[in-house]
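Have a look at the structure below before the remarks.
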Amino acid sequence: MKEVILLGMGATLIKCPYDTEVWGVNKVYRMARKLDKLFITDRRYYPDGTPSWDFDELNSLNIPIVSLHRYPEIKKLVRYPYSKVIERFGGMGYEFFTNSICYMIAYALYKGYEKIRMYGVDMSDQKEYILERGGVEYWVGRAEGMGVVMENTKGSTVCKPPMGVPYGFKLHIDYKEIDPDNLLGRKRCKSGCQ
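Counting from 1, position 170 in the sequence shown corresponds to residue 170 in full-length UniProt numbering; the numbering is continuous, with no gaps.
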């Protein structure tokens, strides 16, 4: 089975077993034990004008770097086949790319991967949760609809109801399900929490 791990920058990245091909996102290379490919979809500069990338650092990785943008400074640059991906996955939502992980899932589908595992794709901070999570969930759904096996780490909010239980069910917060390894570092109390 053709398999890949997508490595995001969320807290659950520490659970990655690195036991198959690993694709990383953005600056996760600074934390990852190994990467076979890196995806960067951010523009050259941040809104404040500072550079997004250290090209010497990227070139020192000596792995293919997949990007939407032309970066002549990157020696092993692979241009993301955006037009071909759009052509292949046309239909409602076909341009629903809200972050780099969306592009990575679509690329894996385009390349014929049969199993996609995600680590560090937590979508737990407010910006990710509100602005980006929907796109990731869309592409996870597309993958599953194509018969691709999708796995995500416990501790991620992807494809989970906002309150932790399906609509219409009694709310019970199970902190072990939300944060099984206490990565958020919150103290839990049995009663009288304030």
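All C-beta atoms in this analysis are idealised placements derived from N, C-alpha and C, irrespective of residue type, glycine included.
From what residue to what residue does the beta strand (DSSP E) around residue i run?
i: residue 23; result: 21 to 25
i: residue 39; result: 37 to 40
i: residue 178; result: Counting along the chain, residue 178 falls outside any beta strand (DSSP E), though it belongs to the alpha helix (DSSP H) covering 175 to 178.
From residue i to residue j, what does the alpha carbon distance come to, in whole angstroms?
i: residue 37; j: residue 170; result: 43 Å
i: residue 67; j: residue 30; result: 18 Å
i: residue 83; j: residue 39; result: 17 Å
i: residue 134; j: residue 97; result: 9 Å
i: residue 35; j: residue 138; result: 25 Å
i: residue 75; j: residue 8; result: 23 Å
i: residue 23; j: residue 5; result: 6 Å
i: residue 119; j: residue 49; result: 31 Å
i: residue 162; j: residue 150; result: 20 Å
i: residue 88; j: residue 71; result: 25 Å
Is residue i buried or exposed, if buried means 16 or more other CB atoms sit within 10 Å of its CB?
i: residue 52; result: exposed
i: residue 152; result: buried
i: residue 91; result: exposed
i: residue 99; result: buried
i: residue 193; result: A caution first: residue 193 carries a pLDDT of 49, below 50, which makes its placement in the model too unreliable to give a value.
i: residue 122; result: buried
i: residue 128; result: buried
i: residue 116; result: buried
The alpha helix (DSSP H) with residue i in it runs from where to where?
i: residue 142; result: 133 to 145
i: residue 78; result: Counting along the chain, residue 78 falls outside any alpha helix (DSSP H), though it belongs to the beta strand (DSSP E) covering 77 to 79.
i: residue 59; result: 55 to 60
i: residue 101; result: 100 to 110
On the DSSP bridge assignment, give the partners of residue i in chain order.
i: residue 7; result: 24 and 119
**Meets three-Cβ-pair contact criterion under 8 Å: the segment 102 to 120 and the segment 132 to 150** = In short, these stretches touch, since the Cβ pair count reaches three.
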